[in-house]
Amino acid sequence: MTIRYYDTKSGDKIPLSPLEEGHVRLYVCGITAYDFCHIGHARSALVFDMIVSYLRHRGYRVTYVRNFTDIDDKIIKRAQEQNTTPEKLAKRFIGEFYTDMELLGVAPPDIEPKATEHIPEIIALIRTLVDKGLAYAVDHDVYFRVDRFPGYGSLSGRNLEELQAGARISVDERKENPMDFALWKGSKPGEPAWDSPWGPGRPGWHIECSAMSHKYLGDTFDIHGGGKDLVFPHHENEVAQSVGATGGGFARSWIHHGFVTIRDEKMSKSLGNFLTIREALAKYHPEALRLFVYSTHYRTPLDYSEANMREATAGLDRLYDGLAEIAQLPAAGAEGGAPLAGKKDREPVEFLAARFEEAMDNDFNTAQALGHLFEAMKAMNRLRQKLPARPAAADLALLRRGADDVRRFANIMGLLREDPVTYNQEKRAKVLAEEGIGAAEIERLIGERLAARNEKNWARADEIRNELLARRIELHDTPAGTTWKVKAD
RNA sequence: GGCGGCGUAGCCAAGUGGCUAAGGCAGCGGUCUGCAAAACCGUUAUUCACCAGUUCAAAUCUGGUCGCCGCCUCCA
């Protein structure tokens with residue numbers, strides 16, 4: 299099976315066929331560092347984390363580049379507001395970004411270039427464009443000349459006439475065409491500036507990605523990614539700059555992911571309806587956020603809500619509980635004992651690898667892949683439930699193999715990375731702290747309830763049980779005695 | 001106004017021409033239990049916004065209608 303994925307440029311699912319056999323070169327637009335990251339940024343990082351991880355699982359070598367835009371109008375503005383320098387502000391929020399990524403368990407890309415560390419490359423690229431007649435200087439600014447670039451609009455499916463007709467931007471009289479965009483901006487006093495042939499200034503928004511992708515991945519590379527909102531103008535302009543400079547080469551295909559919405563509206567800073575990554579993680583387990591993100595296909599809008607996060611948490615608990623139960627099975631079974639597992643129990647486990655990969659090969663369909671993981675866990679729970687005290691060795695082997703597979707495939711999405719016992723202990727500690735109750739107190743109440751039950755004082759026994767339940771402590775009466783567990787919410 | 005996407009059970013969400021429309025959450029019935037809970041079993045869409053068409057066959061393709069969303073300005 300080959301991996302197929304939706305390519306924005308062709309508007310179709312295309313087979314993965316890297317320029318260099320077995321080696322995928324990927325460039326993703328990272329953040330502009332001027333504020334804390336929100337759930338939308340988390341989705342971006344998680345989507346590409348999953349894609350890279352899956353490609354590697356499938357045996358590809360991946361060179362993953364994700365940049366930081368650390369000089370830009372928004373950074374300058376915010377720095378002024380906060381009485382700091384753009385350098386310090388960007389540095390601070392790059393640090394905060396790393397903290398968030400670590401909390402989410404997102405592996406760092408291979409290369410993380412910053413715009414400010416590539417000014418010579420940027421200037422060289424602009425110079426090439428000027429020399430080729432694709433750019434022109436006005437005062438201390440340099441603009442890209444869209445009229446000279448025939449393919450302008452091809453990525454986003456627009457043309458210049460439409461764009462100009464619908465333009466809402468105020469026209470800068472100095473531009474030859476209203477759609478011309480800045481490659482270099484001359485700086486005003488007090489703004490960060492680098493020397494250039496056009497005077498002191500800074501790069502325009504799009505040019506850094508063209509310069510950095512070229513430096514680390516070459517003229518032509520396999521996949522360029524980012525959020526859907528970057529298709530126009532950011533990626534369209536990158537195409538113009540890069541293809542204009544190289545004479546043809548640039549990203550061979552494009553992956554764009556959908557937004558995170560809140561009450562079905564795009565989460566954005568201007569609407570003020572955003573939630574930061576750390577606000578979400580203060581409430582939910584990082585893997586719950588991952589499960590939430592991956593339960594929807596990456597191109598579909600994803601609506602964030604407390605209910606959806608609770609649901610994701612419940613699903614994650616289910617998987618961890620299943621793994622914990624299997625881990626507690628007897629080490630050795632009855633050799634040669636008649637296995638209880640029927641076809642219905644075995645198939646979801648035995649075919650998990652094939653089904654998982656089939657789903658993921660089809661445009662990284664994590665939602666479907668997760669369905670297969672849950673199906674396998676359900677089958678294993680079913681089998682486990684009916685095992686005798688001394689189960690057949692074949693049944694134990696099936697369960698252990700299934701648990702390993704579930705964990706291995708979930709790991710590709712960054713899920714089930716913790717030991718199930720640790721996961722439950724952490725959750726237990728969190729809930730006990732929130733409820734202000736200790737294990738000793740719970741044990742004491744269980745003892746008191748046991749006494750009441752022995753006297754058939756059901757009213758008192760139920761009262762204790764309900765009191766604990768109100769504090770999110772669930773009692774389980776088993777033949778071996780009463781155990782307890784915390785509830786997520 | 002231009003361009004693009006979406007509308008599948010109470011909710012979330014796969015499926016994009018043909019086996020019984022995945023999976024999760026919630027609900028209901030059952031096993032278990034003193035009663036529960038947990039777990040498991042069973043069950044919950046003759047139907048995929050609506051209308052018309054293409055086809056032996058459509059949730060899946062085509063046209064239209066309605067509704068929602070995004071991009072066109074900084075945005076993951």
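The numbers in the first sequence follow our numbering, run straight up by one, and end at 787.
Cβ coordinates follow ideal geometry from the N, Cα and C atoms, glycine included.
Measuring C-alpha to C-alpha distances from Thr-383 to each of Gly-393, Glu-394, Ile-369 identifies Ile-369 as the nearest.
In the three-state scheme derived from DSSP, where H, G and I count as helix and E and B as strand, Thr-397 is classed as helix.
CA-CA distance, Glu-604 to Ser-566, rounds to 18 Å. The alpha-carbon of Val-326 is positioned some 15 Å away from that of Phe-395. Along the length of the segment 590-658, whole alpha helix (DSSP H) runs at least 4 residues long occupy 604-625, 641-648, reported in chain order.
The residue from Lys-483, Ala-509, Glu-471 with its alpha-carbon nearest to that of His-416 is Ala-509. Linking Tyr-582 to Pro-316 through their CA atoms gives a straight-line distance of about 38 Å. Between the segment 732-746 and the segment 650-663, the count of C-beta pairs closer than 8 Å stays below three; the two stretches do not touch. Taking every protein chain shown into account, the CB of Lys-311 has fewer than 16 other CB atoms within 10 angstroms, so this residue is exposed. When C-alpha distances from His-339 are compared across Lys-564, Glu-753, Ile-424, the shortest belongs to Lys-564.
Look at Lys-581 here: in three-state DSSP terms it is helix.
If you ignore the 5 residues before and after Met-399, its C-beta comes within less than 8 Å of the C-beta of Ala-343, Pro-406, all in its own chain and listed in chain order. With distances taken between CA atoms, Asn-606 lies nearest to Arg-588 out of Gly-620, Arg-588, Asn-475, Leu-617. Across the structure, Gly-393 and Val-404 are spaced so that their CA atoms are roughly 14 Å apart. Within the same chain, and ignoring the five residues on either side of Ala-610 in sequence, the residues whose Cβ sits closer than 6 Å to its Cβ are Ala-586, Leu-589, Phe-590.
Nearest Cα to Thr-574 within the set Val-363, Lys-754, Leu-401, Arg-354: Leu-401.
For Lys-311, the enclosing beta strand (DSSP E) begins and ends at 310-313. In the three-state scheme derived from DSSP, where H, G and I count as helix and E and B as strand, Lys-430 is classed as coil. In the DSSP assignment, Glu-471 falls outside any beta strand (DSSP E) and carries neither an H nor an E.
Burial of Ser-511 is indicated by the presence of at least 16 other C-beta atoms within 10 angstroms of its C-beta.
Boundaries of the alpha helix (DSSP H) around Val-345: 337-355. The continuous beta strand (DSSP E) containing His-522 extends over residues 519-525.
In this structure, the CA atom of Gly-328 is about 9 Å from the CA atom of Glu-410. The closest CA to that of Ala-768, considering only Thr-397, Ile-735, Leu-685, Arg-576, is found on Ile-735.
Under DSSP, the beta-bridge partners assigned to Arg-359 are His-321. If you draw a 10 Å sphere on the C-beta of Ala-674, you find 16 or more other C-beta atoms in it, and that means buried. With fewer than 16 neighbouring CB atoms inside 10 Å of its own CB, Val-719 falls in the exposed class. Contact annotation: Thr-330 and Lys-375 have beta-carbon atoms that are not nearer than 8 Å.
Going by C-alpha positions, Met-348 is about 47 Å away from Glu-761. Ala-701 and Leu-766 have their C-alpha atoms spaced approximately 32 Å apart. Residue pairing by DSSP places Tyr-441 opposite Tyr-434, Ala-480 in a beta bridge. Per the DSSP secondary-structure output, Asp-305 pairs in a beta bridge with Asp-310. Under the three-state reduction of DSSP output, Val-404 falls in the coil class, being neither helix nor strand. As DSSP reads the structure, Val-784 sits in a beta bridge with Ile-771. Judged by pairs of C-beta atoms under 8 Å, the segment 631-648 touches the segment 682-689, as three or more such pairs exist.
If you look at Ala-549, you'll find it in the beta strand (DSSP E) that goes 549-555.
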